[in-house]
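K.L.:
Below is the structure I would like to discuss, written out as structure tokens.
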Amino acid sequence: MKSRKQSQVLLQGNEACVRGAIAAGCRFYAGYPITPATEIMEYMARQLPEAGGVCIQMEDEIASMGAIIGASLAGSKSMTATSGPGFSLMQEHIGYACMAEVPCVVVDVMRAGPSTGLPTQAAQGDVMQARWGTHGDHSIIVLAPSSVYEFYELTIQAFNLAERYRTPTILLADEIVGHMREGVSLPPQGELEIENRPRPTVPPEWHVPYGDPGTGVPPMPAFGEGYRYHVTGLHHDVRGYPTTRPDEVQALMRRLFSKISNDFERLQWCDSYFTEDAEMTVIAYGCVARAGLQAVKEARQKGLKVGLVKLKILWPFMRRTITGITESSRVILVPEMNVGQISREVKRVNQGSCEIATLNKIDGTAITPGEILSKIEEVYR
Amino acid sequence: MKESSHFVHKYLRSSKRFPHIWCAGCGIGIFMQALIRVIDKIGYSKDEVVLVSGIGCSSRLPVYVDFNTLHATHGRALTFATGVKLANPRLKVITIMGDGDAASIGGNHLIHAARRNVEIVSFVINNQVYGMTGGQSSPTTPYGLKTTSAPYGNLEAPFDISRLVEAAGAVFVGRTTVYHTPQLERLIEKSLKKDGFSMVEVLAQCVTYSGRWMGLASPVEMMAWQRDNAITVEKAAEMNETELAGKVVIGVLVDRERPIYDKEYGKLAREKLKV
Chain A
38 MKSRKQSQVL LQGNEACVRG AIAAGCRFYA GYPITPATEI MEYMARQLPE
88 AGGVCIQMED EIASMGAIIG ASLAGSKSMT ATSGPGFSLM QEHIGYACMA
138 EVPCVVVDVM RAGPSTGLPT QAAQGDVMQA RWGTHGDHSI IVLAPSSVYE
188 FYELTIQAFN LAERYRTPTI LLADEIVGHM REGVSLPPQG ELEIENRPRP
238 TVPPEWHVPY GDPGTGVPPM PAFGEGYRYH VTGLHHDVRG YPTTRPDEVQ
288 ALMRRLFSKI SNDFERLQWC DSYFTEDAEM TVIAYGCVAR AGLQAVKEAR
338 QKGLKVGLVK LKILWPFMRR TITGITESSR VILVPEMNVG QISREVKRVN
388 QGSCEIATLN KIDGTAITPG EILSKIEEVY R
Chain B
138 MKESSHFVHK YLRSSKRFPH IWCAGCGIGI FMQALIRVID KIGYSKDEVV
188 LVSGIGCSSR LPVYVDFNTL HATHGRALTF ATGVKLANPR LKVITIMGDG
238 DAASIGGNHL IHAARRNVEI VSFVINNQVY GMTGGQSSPT TPYGLKTTSA
288 PYGNLEAPFD ISRLVEAAGA VFVGRTTVYH TPQLERLIEK SLKKDGFSMV
338 EVLAQCVTYS GRWMGLASPV EMMAWQRDNA ITVEKAAEMN ETELAGKVVI
388 GVLVDRERPI YDKEYGKLAR EKLKV
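Protein chains in written order, with this note's numbering: chain A, 38 to 418; chain B, 138 to 412.
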């Protein structure tokens, strides 16, 4: 088994993200310098020409996001990376990619905000912005890595989901995961499962650019392949042409939601530790999940039946998984480096089944295992 | 006449319900026909042409024509176009923007696209007003003009878009009006054939708003204004600043060579890939 794996390499989280992106087939990157995400662009600038791709430094994050949408429409898997202030600037174009169904990956290596905030210390304050940052009703997929290897793995998955559903996918990392270095063994390229956008199988004159082939995801040709069609951020009919007809608007909006919501069952990604007999569950994500795991191990040594569920996908929120936890636990603790963005969702799903405790830290420093352990001991009954 | 209309129909989307959204007497349609004529003359295939636009009256143009068309966001057409061109350099990427689109909200992208010199052909349809939203001042609205957002007169000086793009490094800059259609077609052709970032500023009438604010009641009056106030580059060279005040200098303003980003990147990639 071990011989089939590549030897261990020491990688920074941001570098692992680049490795994952290129392994997933990313061939276009546009970005703008911002700490703590800059290494992604710097590494892309070195790696992409050798991979036959293009890396360009744009004039701002708005332009970066526009460029990756254009490149994706021309057939390249594409990505950008930023942190809070740049993520704010990208929001309009994230909505465009939702509306025009353009696959792309946006990495937000979170730092403490609002505004320029704390450059550069970690936070998890962009969870709700990732969900609702762009205007208007829309679906979004958001993944959250908690280790260097997971940053690699979830970057590949982010591309797979973006391609499968023709939607922007957001990788919500944090400064700690982006900047930490860990030894990782990356699997050989041949062992990876790589998904590509659905392609038209009919001649151009039969192709309906925004029709529903049954999956909710219309096949996507690239510009220049003979399928001349219109792409717009306006509400559009199945041909892609602007419309204000309520029936056509409704059909578009319903399809944009259902293409992802129909697959909720496939999007329940989490890792569980010590949960079999747990009376109390810690729900955490990103760098906090690391401290959470250590705290749970120490609590177990003290005889407390505590487990950890690490969320790898934040949006769409894993209602089924979380409902199961609320039904099997007496108390849930949600430690977060924000004022309670995921705990609010857990409370919404809870419906009074169990007690929900929170541990929130917004001073720019990491939540420690000791802090989580103290909170566990405080609320464990 | 019959032949002419048939010729344009070859490039219009029959599946799209007409009429278009432009007001009667609008200058954008004249530009659209000129663009189609030149594309047909050069002989580009419909599949290789990508039209990218922003938001505004002129940015609605792509939906009517049978190319790969991308109606992007307000001011950002050039950012989308940059991605398209770099992902597939074989495509002929053309952007169509308005004056508010290109010089106000998209001003930063305009100067950086010119500086970077990715091969994109851009057309800025300058009607000196925000038409779609109802006649507000744009960055090219003349000083003192009353608009819906400057009811007591515009207090700002207008941009000279062509000189801005020239200073930013565009390899080809031209300016004309929709009255001067033969020259318009010549400039479109030159810009399409030019390697690197080119921009043609096309002065067009907005009868509904800027015409009304200027006291020019009809498209004919507005086009007569274009005829009477346009000065060729050659003639302008012999005139002083006072004589040129309020005039529009038309013709080829810049035609030069600079390293082209996509070609440079292609060289770099071939070296790295050792092909």
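C-beta: ideal position from N, C-alpha, C; glycine also. Note that the structure is a prediction, hence the values are computed from the model and not measured.
Thinking A:Leu345 and A:Val319 are a contact (beta carbons under 8 Å), I'd like their distance in whole angstroms, please.
P.N.:
Between A:Val319 and A:Leu345 the Cβ distance is about 5 Å, and since that is below 8 Å, they are a contact.
K.L.:
Kindly indicate if chain B contains any beta-carbon less than 8 Å away from that of A:Val278.
P.N.:
In the sequence under discussion, the amino acid at residue 278 of chain A is Tyr, which differs from the Val named in the question. For A:Tyr278, the answer is yes, since a Cβ of chain B falls inside 8 Å of its Cβ.
K.L.:
Quick check on B:Glu140: buried or exposed, where buried means 16 or more other Cβ atoms within 10 Å of its Cβ?
P.N.:
Its pLDDT being 47, under 50, B:Glu140 is placed unreliably by the model, and nothing is read from it.
K.L.:
To which residues does DSSP link B:Gln170 through a beta bridge?
P.N.:
None; B:Gln170 has no bridge partner.
K.L.:
Got a sec? Which residues, its chain only, sit under 7 Å from B:Asp332 by beta carbon, not counting five neighbours each side?
P.N.:
Excluding residues within five positions, the ones whose Cβ falls inside 7 Å are Glu256, Ile397.
K.L.:
Would you call the region 249 to 259 of chain A and the region 222 to 232 of chain A touching, i.e. three or more CB-CB distances under 8 Å?
P.N.:
Output reads no: the region 222 to 232 of chain A does not touch the region 249 to 259 of chain A.
K.L.:
By Cβ distance below 7 Å, which residues in the same chain neighbour B:His246 in space, the five residues on each side in sequence not counted?
P.N.:
Gly212, Arg213, Leu215, Thr216, listed in sequence order.
K.L.:
As a quick exercise: from A:Ile178, A:Pro151, A:Glu138, A:Leu110, pick the residue whose alpha carbon is nearest that of A:Ser125.
P.N.:
Answer by Cα proximity: A:Pro151.
K.L.:
Name the residue from A:Leu293, A:Tyr278, A:Arg357 whose alpha carbon lies nearest to the alpha carbon of A:Glu302.
P.N.:
Closest option to A:Glu302, Cα to Cα, is A:Arg357.
K.L.:
Since A:Pro406 and A:Ala288 should fall inside the 8 Å C-beta cutoff, what is the C-beta to C-beta distance between them, to a whole number of angstroms?
P.N.:
Going by Cβ atoms, the distance from A:Pro406 to A:Ala288 rounds to 50 Å, so no, they are not a contact pair.
K.L.:
If you draw a straight line from the C-alpha of A:Gly132 to the C-alpha of B:Asp365, how long is it?
P.N.:
Rounded to the nearest angstrom, the two C-alpha atoms are 45 Å apart.
K.L.:
So A:Gly215 and A:Gly50 are supposed to be a Cβ contact under 8 Å. How far apart are they, rounded?
P.N.:
Contact holds; Cβ gap of about 5 Å.
K.L.:
Between the beta-carbon of B:Val385 and the beta-carbon of B:Thr314, is there less than 8 Å?
P.N.:
Yes.
K.L.:
Contact defined as beta carbons within less than 8 Å: I believe A:Ala160 pairs with A:Ile105. What is the distance between those atoms, to the nearest angstrom?
P.N.:
About 25 Å separates the two Cβ atoms, so there is no contact after all.
K.L.:
State buried or exposed for A:Val146, treating a residue as buried only when at least 16 other CB atoms are found within 10 Å of its CB.
P.N.:
By the neighbour-count rule (16 or more Cβ atoms within 10 Å), A:Val146 is buried.
K.L.:
Just to confirm the assignment, what range does the beta strand (DSSP E) spanning B:Ser335 have?
P.N.:
Segment 335 to 340, the beta strand (DSSP E) holding B:Ser335.
K.L.:
Between B:Lys147 and chain A, is there a C-beta pair that is closer than 8 Å?
P.N.:
Not an interface residue.
K.L.:
Looking only at its own chain, which residues have a Cβ that is under 6 Å from the Cβ of B:Arg197, when we skip the five neighbours before and after it?
P.N.:
For B:Arg197, where only same-chain residues beyond five positions count, the Cβ hits under 6 Å are Ile158.
K.L.:
Would you tell me roughly how many angstroms separate the C-alpha atoms of A:Leu209 and A:Val185, rounded to the nearest one?
P.N.:
Cα-Cα distance, rounded: 13 Å.
K.L.:
Comparing the C-beta of B:Glu185 with each C-beta of chain A, is any distance below 8 Å?
P.N.:
Cβ-Cβ to chain A under 8 Å: yes for B:Glu185.
K.L.:
With DSSP as the reference, please indicate the residues paired to A:His205 in a beta bridge.
P.N.:
Here residue 205 of chain A turns out to be Pro, not His, going by the sequence shown. In DSSP, A:Pro205 forms a bridge with A:Cys141.
K.L.:
Is A:Gly90 near A:Cys63, with beta carbons less than 8 Å apart?
P.N.:
Cβ atoms of A:Gly90 and A:Cys63: closer than 8 Å.
K.L.:
Work out the CA separation of A:Gln45 and A:Thr72 for me, nearest whole Å.
P.N.:
Their Cα atoms are separated by approximately 27 Å.
K.L.:
With respect to the alpha helix (DSSP H) encompassing B:Leu247, which residues constitute its N-terminal and C-terminal limits?
P.N.:
That run of the alpha helix (DSSP H) goes 244 to 253.
K.L.:
What residue does the beta strand (DSSP E) around A:Pro372 start on, and which one ends it?
P.N.:
Where A:Pro372 is concerned, the enclosing beta strand (DSSP E) stretches over 368 to 373.
K.L.:
So with CB distances below 7 Å, who are the chain B contacts of A:Thr238?
P.N.:
Within 7 Å Cβ-Cβ: nothing; A:Thr238 doesn't reach chain B, min ~18 Å.
K.L.:
Given this structure, state the Cα-to-Cα distance separating A:Leu370 from A:Gly103, to the nearest angstrom.
P.N.:
Looking at the two C-alpha atoms, the distance is approximately 40 Å.
K.L.:
Using Cβ-Cβ distances below 7 Å, what residues of the region 248 to 276 of chain B are close to chain A?
P.N.:
Going along the region 248 to 276 of chain B in chain order, one finds His249 with a Cβ nearer than 7 Å to chain A.
K.L.:
Using a beta-carbon distance cut-off of less than 7 Å, what residues from the region 359 to 373 of chain A approach chain B?
P.N.:
Per Cβ criterion, the list is empty.
K.L.:
Starting from B:Pro356, trace the alpha helix (DSSP H) both ways and give me its first and last residue.
P.N.:
Here the alpha helix (DSSP H) through B:Pro356 covers 356 to 366.
K.L.:
Suppose you measure from the CA of A:Pro86 to the CA of A:Ser101; what does that come to, to the nearest Å?
P.N.:
Approximately 18 Å between the Cα atoms of the pair.
K.L.:
Just to confirm the assignment, what range does the alpha helix (DSSP H) spanning B:Arg424 have?
P.N.:
Nothing about residue 424 of chain B can be reported from this structure: the residues present for chain B run from 138 to 412 only.
K.L.:
Could you tell me if the beta carbon of A:Asp174 falls within a distance shorter than 7 Å of some heavy atom in the ligand SAH?
P.N.:
Among the ligands in the structure shown, none appear at all, so the ligand SAH cannot be discussed.
K.L.:
Residue ranges of each alpha helix (DSSP H) run of no fewer than 4 residues wholly in the region 291 to 368 of chain A, ordered along the chain?
P.N.:
You should have 324 to 338, 356 to 365.
K.L.:
Just how far apart, CA to CA, sit A:Lys39 and A:Asp300?
P.N.:
Here A:Lys39 scores only 45 on pLDDT, less than 50, and its place in the model is too uncertain to base an answer on.
K.L.:
In whole angstroms, what is the alpha-carbon distance linking B:Leu321 and B:Gly281?
P.N.:
Cα to Cα, B:Leu321 sits roughly 29 Å from B:Gly281.
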